[in-house]
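Note sheet for the following structure.
Number of protein chains: 2
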Amino acid sequence: MLGEFDLIARYFAPLAAGAPGAFGLANDAAVIDPTPGHSVVVTTDAMVEGVHFLPGDPADLVARKLLRVNLSDLAAMGARARGYVLAMALSPDIDEAWVATFARGLGVDQDEFGIVLLGGDTVKTPGPLTLTLTALGEVPAGTALTRSGARAGDDIYVSGCIGDGALGLKVLRGELGSLPEGHRASLADRYRLPRPRLALGQALAARRLATAALDVSDGLAADLGHIAIESDLAAEIEAPAVPLSAAAQAALAVDPGLREVILGGGDDYELLFTAPPGAAAAIAALADELALPVTWIGRMAPGAGVRVVDEAGVPIPLAKAGWSHF
Amino acid sequence: MLGEFDLIARYFAPLAAGAPGAFGLANDAAVIDPTPGHSVVVTTDAMVEGVHFLPGDPADLVARKLLRVNLSDLAAMGARARGYVLAMALSPDIDEAWVATFARGLGVDQDEFGIVLLGGDTVKTPGPLTLTLTALGEVPAGTALTRSGARAGDDIYVSGCIGDGALGLKVLRGELGSLPEGHRASLADRYRLPRPRLALGQALAARRLATAALDVSDGLAADLGHIAIESDLAAEIEAPAVPLSAAAQAALAVDPGLREVILGGGDDYELLFTAPPGAAAAIAALADELALPVTWIGRMAPGAGVRVVDEAGVPIPLAKAGWSHF
Numbered sequence: 454m455l456g457e458f459d460l461i462a463r464y465f466a467p468l469a470a471g472a473p474g475a476f477g478l479a480n481d482a483a484v485i486d487p488t489p490g491h492s493v494v495v496t497t498d499a500m501v502e503g504v505h506f507l508p509g510d511p512a513d514l515v516a517r518k519l520l521r522v523n524l525s526d527l528a529a530m531g532a533r534a535r536g537y538v539l540a541m542a543l544s545p546d547i548d549e550a551w552v553a554t555f556a557r558g559l560g561v562d563q564d565e566f567g568i569v570l571l572g573g574d575t576v577k578t579p580g581p582l583t584l585t586l587t588a589l590g591e592v593p594a595g596t597a598l599t600r601s602g603a604r605a606g607d608d609i610y611v612s613g614c615i616g617d618g619a620l621g622l623k624v625l626r627g628e629l630g631s632l633p634e635g636h637r638a639s640l641a642d643r644y645r646l647p648r649p650r651l652a653l654g655q656a657l658a659a660r661r662l663a664t665a666a667l668d669v670s671d672g673l674a675a676d677l678g679h680i681a682i683e684s685d686l687a688a689e690i691e692a693p694a695v696p697l698s699a700a701a702q703a704a705l706a707v708d709p710g711l712r713e714v715i716l717g718g719g720d721d722y723e724l725l726f727t728a729p730p731g732a733a734a735a736i737a738a739l740a741d742e743l744a745l746p747v748t749w750i751g752r753m754a755p756g757a758g759v760r761v762v763d764e765a766g767v768p769i770p771l772a773k774a775g776w777s778h779f
Numbered sequence: 454m455l456g457e458f459d460l461i462a463r464y465f466a467p468l469a470a471g472a473p474g475a476f477g478l479a480n481d482a483a484v485i486d487p488t489p490g491h492s493v494v495v496t497t498d499a500m501v502e503g504v505h506f507l508p509g510d511p512a513d514l515v516a517r518k519l520l521r522v523n524l525s526d527l528a529a530m531g532a533r534a535r536g537y538v539l540a541m542a543l544s545p546d547i548d549e550a551w552v553a554t555f556a557r558g559l560g561v562d563q564d565e566f567g568i569v570l571l572g573g574d575t576v577k578t579p580g581p582l583t584l585t586l587t588a589l590g591e592v593p594a595g596t597a598l599t600r601s602g603a604r605a606g607d608d609i610y611v612s613g614c615i616g617d618g619a620l621g622l623k624v625l626r627g628e629l630g631s632l633p634e635g636h637r638a639s640l641a642d643r644y645r646l647p648r649p650r651l652a653l654g655q656a657l658a659a660r661r662l663a664t665a666a667l668d669v670s671d672g673l674a675a676d677l678g679h680i681a682i683e684s685d686l687a688a689e690i691e692a693p694a695v696p697l698s699a700a701a702q703a704a705l706a707v708d709p710g711l712r713e714v715i716l717g718g719g720d721d722y723e724l725l726f727t728a729p730p731g732a733a734a735a736i737a738a739l740a741d742e743l744a745l746p747v748t749w750i751g752r753m754a755p756g757a758g759v760r761v762v763d764e765a766g767v768p769i770p771l772a773k774a775g776w777s778h779f
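As they're listed, the protein sequences go chains A and B.
All you need for the working numbering is the position in the first sequence, starting with 1, plus 453.
All you need for the working numbering is the position in the second sequence, starting with 1, plus 453.
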């Protein structure tokens with residue numbers, strides 16, 4: 454294994470080449486210049502081998518998921534991503550090939566999302582590989598989306614499909630064996646490679662369409678609970694309205710009990726947001742513009758708590774309040 | 454042990470109370486508004502139990518060291534500290550009392566340095582406690598100090614005293630037993646609780662006195678090597694000029710072989726910087742103003758590499774190129 458400085462020079466400095474303020478990673482800290490009139494948005498997420506990913510997971514996908522879960526947090530604030538810093542605690546089994554593949558994954562997503570590596574820290578650990586990424590973005594001052602702005606009567610929307618993340622984890626654990634291979638692969642991919650909805654978040658903020666927003670990481674019901682609590686309201690969603698992928702629909706057809714996994718499981722990284730009824734047409738137009746499904750799933754109301762109702766309006770009890778990454 | 458949300462609410466949300474953009478830690482990301490005309494400075498450092506600190510180390514001191522090594526990086530850029538995000542991978546042996554003490558340490562240093570907690574992530578690890586802190590600061594645009602600006606003929610200065618960090622680590626490992634207890638305690642304290650030189654860094658940047666700067670974390674010789682490489686120059690320091698604390702002088706008197714530890718060891722977190730000869734009076738005035746010793750130790754010259762010479766101008770070979778935290 455190379456030493457710290459050689460690892461940085463060979464695999465990480467090239468990822469910082471596009472950022473003059475990263476100084477080729479040969480400095481104590483990095484400098485970025487926010488666009489005038491913008492606030493800086495910052496978020497951090499850690500992933501531990503054996504907890505958040507499996508020892509054999511492809512290093513490039515681990516890198517991209519780490520980056521994307523952070524970008525998803527920026528998306529939920531309506532921010533544009535600028536760059537990131539990365540702290541790696543490398544376990545003894547990590548070799549140079551792993552680092553090379555990991556860095557290649559970062560490079561792929563840097564290109565996809567237009568961001569750069571700004572800095573980092575590389576240390577050794579006798580324990581499992583532990584990766585911490587801090588993403589920096591920016592948003593026009595005063596427009597950042599939060600969880601607390603929902604109002605009674607607001608509609609509740611979600612982007613993309615819900616449940617694929619939790620079902621994908623089941624697939625990777627060897628469950629859902631009766632599903633066709635194509636569906637299994639699709640679900641696993643959705644678990645491993647979230648799609649941060651940056652364009653949607655930015656447009657919702659810039660056009661002031663959303664009153665509250667977050668990304669679905671703890672599970673639809675639990676995350677909606679965060680909006681309800683922070684906005685001091687109740688939320689009611691109609692289970693049949695929740696958008697499901699073809700793969701999730703197929704899984705649900707085989708085992709209706711998976712409805713709870715779909716509504717309560719995490720790792721979807723879709724945007725969940727509220728908007729006044731008057732914004733419906735503008736939201737539909739935005740969804741068309743982005744070629745991204747945005748689906749009405751319920752409504753905010755006075756009160757507290759999250760209710761999920763079925764076709765007949767009967768509440769569905771959700772035993773599992775939400776996925777805890779803790 | 455409390456769950457993630459309860460831990461955050463009880464121990465960490467109070468640390469974010471002073472930052473409106475932290476949203477009480479109940480949001481996906483945090484927002485900060487840089488002062489207009491300023492660049493944002495970002496740095497990250499990770500610490501692993503058993504590697505960077507010992508399992509029995511007081512949690513409040515671990516917290517404060519983690520914060521201070523990051524603040525020291527901001528100081529080296531001439532930045533003012535604004536806030537930080539914290540990712541914690543908690544090992545099974547960490548209990549609520551540990552977290553409470555850790556958070557109390559953060560609170561003490563938040564008050565001392567005028568910063569706030571902006572956000573974070575809390576996960577579990579089967580391995581050692583792993584802490585990653587990312588600090589954010591700001592500096593007037595165009596004034597950030599870097600490692601690459603030194604010019605031939607520039608003087609080399611260092612703040613405070615050199616060697617206490619490395620000697621303090623020896624004390625904590627049970628070495629240097631012949632030193633008086635007061636000296637031993639002083640060295641251990643310097644290892645455990647660095648003094649980030651924020652006021653000095655900010656003044657050097659604002660008054661444009663320094664041509665290059667960094668903080669001494671890898672060891673005086675190795676860190677000066679970073680400036681030499683990035684500035685494409687040679688550096689020569691006079692060993693007798695290097696400022697030593699009374700404790701380090703006492704240690705050196707007992708064992709002259711410790712000179713190499715002092716010059717090559719790390720963890721001093723003093724500022725090492727270069728400045729043109731014409732800045733000498735202004736630097737002396739600044740040192741007076743801050744009541745912080747700033748000492749001339751050598752000079753930059755054409756060429757490459759770092760030379761350390763003794764009283765007679767004879768080069769001292771340094772076997773250990775520098776402390777590696779990797």
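Every residue gets a Cβ at the ideal spot worked out from N, C-alpha and C, and that includes glycine.
Just so we're clear, the structure is a prediction, and the values are computed from it rather than from any experiment.
Taking the beta carbon of B/A597 as reference, the chain A residues within 7 Å of it are V484, listed in sequence order. Leaving aside the five residues that flank B/S601 on each side, the residues in its chain whose CB is nearer than 7 Å to its CB run, in chain order, A665, E683 and S684. In this chain, the alpha helix (DSSP H) harbouring A/V561 covers E549 to F566. For A/G621, the closest alpha carbon among the candidates A/M454, A/F506, A/M753 and A/D486 is that of A/F506. About 4 Å separates the Cβ atoms of B/A540 and A/A499, confirming a contact at the 8 Å cut-off. For B/G477, the three-state secondary structure derived from DSSP is helix.
Boundaries of the alpha helix (DSSP H) harbouring A/D513: A512 to A529, taken from the DSSP string. Taking a C-beta distance under 8 Å as the contact criterion, A/P581 and B/P579 qualify as a contact pair. In the DSSP assignment, B/D608 falls outside any alpha helix (DSSP H) and lies within the beta strand (DSSP E) extending over D608 to S612.
Per the coordinates, the alpha-carbon of A/E591 lies some 29 Å from the alpha-carbon of A/T554.
Of all residues in the stretch 480-507 of chain A, only N480, D481, A482, A483, V484, I485, D486, P487, P489, S492, V493, V494, V495, T496, T497, D498, A499, M500, V501, G503, V504 and H505 place a beta-carbon less than 8 Å from a beta-carbon of chain B.
Listed in chain order, the alpha helix (DSSP H) elements of length 4 or more contained wholly in the stretch 575-626 of chain A are 617-625. Unbroken alpha helix (DSSP H) stretches of 4 residues or longer found wholly inside the stretch 622-697 of chain B: 634-645, 651-659 and 673-684, given in chain order.
Apart from sequence neighbours up to five positions away, the residues of its chain that approach A/E549 with a beta-carbon distance below 8 Å are M454, L455 and L460, ordered along the chain. Taking the beta carbon of A/V538 as reference, the chain B residues within 9 Å of it are V495, T496, T497 and T587, listed in sequence order.
When secondary structure is reduced to three states using DSSP, A/V501 falls in the strand class. Shown here is that no member of the stretch 704-727 of chain A has a Cβ falling below 9 Å from a Cβ of chain B. Close partners of B/M530 in chain A (Cβ separation under 8 Å): N480, D481, A482 and V484. Here B/L724 is not near B/A603, since their CB atoms are 8 Å or more apart.
As computed with DSSP, B/F458 is found in no beta bridge at all. Annotation for A/R712: the continuous alpha helix (DSSP H) segment containing it runs R712 to G717. The straight-line gap separating the alpha-carbon atoms of A/R650 and A/D481 is approximately 32 Å.
Among the residues facing chain A, B/T583 is included, as its CB has a counterpart in that chain under 8 Å away.
By a beta-carbon distance limit of 8 Å, A/G573 does not contact A/V624. Their separation comes to about 32 Å. From the listed residues A/D564, A/G635, A/A699 and A/I485, the smallest Cα separation to B/T496 is found for A/I485. Using a CB distance below 8 Å, the part of the stretch 559-582 of chain A facing chain B consists of L571, G572, G573, D574, T575, V576, K577, T578, P579, G580 and P581, ordered along the chain.
Between the alpha carbons of A/A597 and B/K577 lies a distance of about 30 Å. Looking at the DSSP output, A/F726 shares a beta bridge with A/Y610 and A/A666.
Nearest in C-alpha terms to A/A466, of all of A/R517, A/V552 and A/G509, is A/V552.
In chain order, I615 and I750 place their CB closer than 6 Å to the CB of B/V695, counting only its own chain and leaving out the 5 sequence neighbours on each side.
For the 8 Å CB-CB criterion, A/L677 and A/V747 do not form a contact. Look at B/V767 here: in three-state DSSP terms it is coil, with no helix or strand label. Membership of A/L739 in any beta strand (DSSP E) is not indicated; the residue belongs instead to the alpha helix (DSSP H) covering A733 to L743. If you check the CB distance, B/I609 and B/A688 come in under 8 Å. Residues of chain A with a Cβ closer than 8 Å to the Cβ of B/D668 are, in chain order, D481. Excluding five sequence positions before and after B/G503, the CB atoms of its chain that fall closer than 7 Å to its own CB belong to P581, given in chain order.
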